[in-house]
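A short write-up of the structure that comes next.
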Amino acid sequence: MCPSGRTLVAGMGSAAPELKSAFDVLDADRDGKISRDDLRRFYAGFTNSGEEEEDMIGTMMSVADSDKDGFVGYEEFERVLGGNQSSSSSSSAAGAVMADVFRAMDKDGDGKLSHGDLKSYMHSAGFDASDDDIRAMIRLGAGGGGENDAVSFEDLLRILAVEC
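Numbering of the sequence shown is given in UniProt numbering, commencing with residue 1 and proceeding in unit increments.
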């Protein structure tokens with residue numbers, strides 16, 4: 001079981017597992033589609049709120065929402081980031097999304113996610129994570145080692161790529 005109590009499904013479609021993990025992170029309410037509200041919630045700690053953020057979210061939605069239903073489903077997300085490109089390009093696009101995720105979570109910008117960073121982000125994303133859950137995520141990301149008290153970008157990828 002994942003520390004959040006959530007199950008991550010790796011390898012949907014032809015995309016890299018990182019692409020599904022990126023989708024899962026952006027789908028804040030976990031309803032299987034990304035809405036404007038999901039994107040607002042994700043970017044809340046990353047950008048200044050306001051017109052610039054709304055323009056950015058509007059652009060993202062118009063590019064990805066090919067069926068114009070107001071949501072970005074996984075297939076649309078995969079098409080935009082993975083497309084018919086090579087697996088390497090798909091992984092690069094997913095990596096760029098995951099780098100944005102990491103920066104949004106890293107409140108102090110020190111290049112690692114502390115217990116406080118993870119707790120704050122999990123709460124803002126609507127996950128009910130206890131201190132024990134956060135410590136378990138850090139242990140998981142650090143490969144079970146006890147000396148680390150924070151998660152690097154590579155550790156975050158390891159956490160999200162786990163098939164629970």
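C-beta: ideal position from N, C-alpha, C; glycine also. Predicted model only: the values in this text are computed from it and were never measured.
So is residue i buried or exposed if we call it buried at 16+ other beta carbons inside 10 Å?
i             : result
glycine 141   : buried
glutamate 54  : exposed
lysine 112    : buried
serine 35     : buried
glutamine 85  : Because the pLDDT at glutamine 85 is just 46, under 50, the model does not fix this residue reliably, and the value given afterwards should be weighed accordingly. With fewer than 16 Cβ atoms within 10 Å of its Cβ, glutamine 85 is classed as exposed.
lysine 68     : exposed
methionine 56 : exposed
glutamate 51  : exposed
aspartate 108 : exposed
aspartate 154 : The displayed chain sequence assigns glutamate, not aspartate, to residue 154. Looking at its Cβ environment, which holds fewer than 16 other Cβ atoms inside 10 Å, glutamate 154 is exposed.
aspartate 38  : buried
serine 90     : Annotation note: pLDDT 48 at serine 90 (below 50); position unreliable, coordinate value reported separately. Looking at its Cβ environment, which holds 16 or more other Cβ atoms inside 10 Å, serine 90 is buried.
With the cut-off set at 9 Å, would you say residue i and residue j are in Cβ contact?
i              : j             : result
serine 62      : glutamate 76  : no
valine 97      : leucine 157   : no
isoleucine 138 : aspartate 149 : yes
leucine 19     : leucine 118   : no
alanine 44     : serine 130    : no
Mind checking who residue i pairs with in its DSSP beta bridge?
i             : result
serine 114    : Ala150
isoleucine 34 : Val72
Apart from the five residues on each side of it in sequence, which residues of its chain come closer than 6 Å, Cβ to Cβ, to residue i?
i             : result
histidine 115 : Ile134
glycine 73    : Lys33
valine 101    : Val25
residue 175   : Any property of residue 175 remains undetermined from this structure, which presents the chain solely from 1 to 164.
Output needed for residue i: all residues of its chain with C-beta closer than 7 Å, excluding positions within five of it in sequence on either side, in chain order.
i                : result
phenylalanine 42 : Leu26, Ala28 and Ala104
arginine 40      : Ile57
By Cβ distance below 8 Å, which residues in the same chain neighbour residue i in space, the five residues on each side in sequence not counted?
i             : result
aspartate 106 : Lys112, Leu113 and Asp117
At what residue ranges does the UniProt domain "EF-hand" (52–87) contain a whole run of the alpha helix (DSSP H), taking only runs of 4 or more?
-> Listed in chain order, they are 74–81.
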